[in-house]
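Participant:
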Amino acid sequence: MDTALSNFLFDFDGTLADSLSAIVLITNRLAPEFGFRPTPLAEVEALKGLTARQLIRYSGIPLLKIPALLRRVRAELSQQGGHITPCPGVIEVIRTLYAQHHTLAVVTSNSPATVEAFLAAHDLTHCFLSVDGGGTLFRKGKLIMRCLEKHQLVPRETVYVGDEIRDIDAAQFAGVRPVSVTWGFNSRPLLMKMSPDWLIDDPELLLAIADQL
């Protein structure tokens, strides 16, 4: 198959952007207002072994307050979009994939404005066909399907690159192939349990995946 036909859809937080520390600081600041337990920075690494649902239970966030909390976190993070650090090695790989004529897009539960500010700050806007974002934590699958339909992308020629269990679920829901990365929010052992099509520790391995599509 001509590799020029392969499509890479990317999650944002923890996959392209090293935004974990910023998100933790924002949510900790909002914790008293929303009535949940702040997360000590020393515990963050251990929490990578929890799924999103387990993390919600651990923190004690009232379920009814999650939508409002997400809106606040997204709003505050959008003010930092241009200052968020990219995950190491990702920028170079994105530019290479674009130069090889792969189709690239971002599908995230974060705000599109945050992603767009990040892409502009790192001169990557031209590399991506679109940014689809927003919604709830657990409906990425529908966002992926919307992206596929909008750009007439073939699911079997498409991968979704993400760092969490819910990204694997979303990819499988949409009928695309999940690529899990270990430099983000979930740990390698947790990701392995879900048997993604690929599990990678280095962004450069995305170039090898591109050759297989």
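Using this note's numbering, the letters of the sequence shown correspond one by one to residues 5 to 217. Note that CB positions come from ideal geometry on N, CA and C, so glycine has one too. Predicted model, so just to flag it, every value in this text is computed and none were measured.
Classify residue 107 as helix, strand or coil using the three-state DSSP reduction.
Facilitator: strand
Participant: Taking 8 Å as the threshold (C-beta atoms), are residue 15 and residue 165 in contact?
Facilitator: yes
Participant: Would you mind sorting residue 52 into buried or exposed? The rule is 16 or more other CB atoms within 10 Å of its CB.
Facilitator: Here residue 52 is buried: its Cβ has 16 or more other Cβ atoms, across all protein chains shown, within 10 Å.
Participant: Does DSSP put residue 32 in a helix, in a strand, or in coil?
Facilitator: Correct three-state label for residue 32: helix.
Participant: Are the CB atoms of residue 55 and residue 169 nearer to each other than 8 Å?
Facilitator: Against a cut-off of 8 Å, the Cβ pair of residue 169 and residue 55 comes out as a contact.
Participant: Bridge partners for residue 17 per DSSP, in chain order?
Facilitator: 21
Participant: For the segment 100 to 110 against the segment 64 to 74, do three or more pairs of beta-carbon atoms, one drawn from each stretch, fall closer than 8 Å, so that the two count as touching?
Facilitator: Judged by Cβ distances under 8 Å, the segment 100 to 110 makes no contact with the segment 64 to 74, as fewer than three pairs qualify.
Participant: What does DSSP give as the partner residues of residue 142 in its beta bridges?
Facilitator: Note: residue 142 sits in no beta bridge, so no partner.
Participant: Near residue 181, which residues of its chain fall below 6 Å by C-beta distance, leaving aside the five closest residues on each side in sequence?
Facilitator: 163, 201
Participant: Please report how far the alpha carbon of residue 204 lies from the alpha carbon of residue 64, in whole angstroms.
Facilitator: 32 Å
Participant: Have a look at residue 94 and residue 69 and give me their C-alpha separation to the nearest angstrom.
Facilitator: 34 Å
Participant: Quick one: grab the DSSP three-state call for residue 177.
Facilitator: Helix at residue 177.
Participant: For residue 184, write down the residues that DSSP places opposite it in a beta bridge.
Facilitator: 166, 203
Participant: Quick one: Cα of residue 105 to Cα of residue 90, how far?
Facilitator: 22 Å
Participant: Which class does residue 154 belong to by DSSP, given the choice of helix, strand or coil?
Facilitator: helix
Participant: First and last residue of the alpha helix (DSSP H) that includes residue 193?
Facilitator: 192 to 197
Participant: Check whether the segment 16 to 26 touches the segment 112 to 122, taking contact to mean three or more Cβ pairs, one atom from each stretch, closer than 8 Å.
Facilitator: yes
Participant: With DSSP as the reference, please indicate the residues paired to residue 171 in a beta bridge.
Facilitator: Answer by DSSP bridge pairing: none, since residue 171 is not bridged.
Participant: Could you give the first and the last residue of the continuous alpha helix (DSSP H) run that contains residue 215?
Facilitator: 209 to 216
Participant: Put residue 7 into one of helix, strand or coil per three-state DSSP.
Facilitator: A caution first: residue 7 carries a pLDDT of 40, below 50, which makes its placement in the model too unreliable to give a value.
Participant: Let me check understanding here. Comparing Cα to Cα, which of 183, 149, 38 lies closest to residue 199?
Facilitator: 183
Participant: Taking the alpha carbon of residue 48 as the reference point, which residue from 97, 59, 39 has its own alpha carbon closest?
Facilitator: 59
Participant: Which residues does DSSP pair with residue 127 in a beta bridge?
Facilitator: Looking at the DSSP assignment, residue 127 forms no beta bridge with any residue, so it has no partner.
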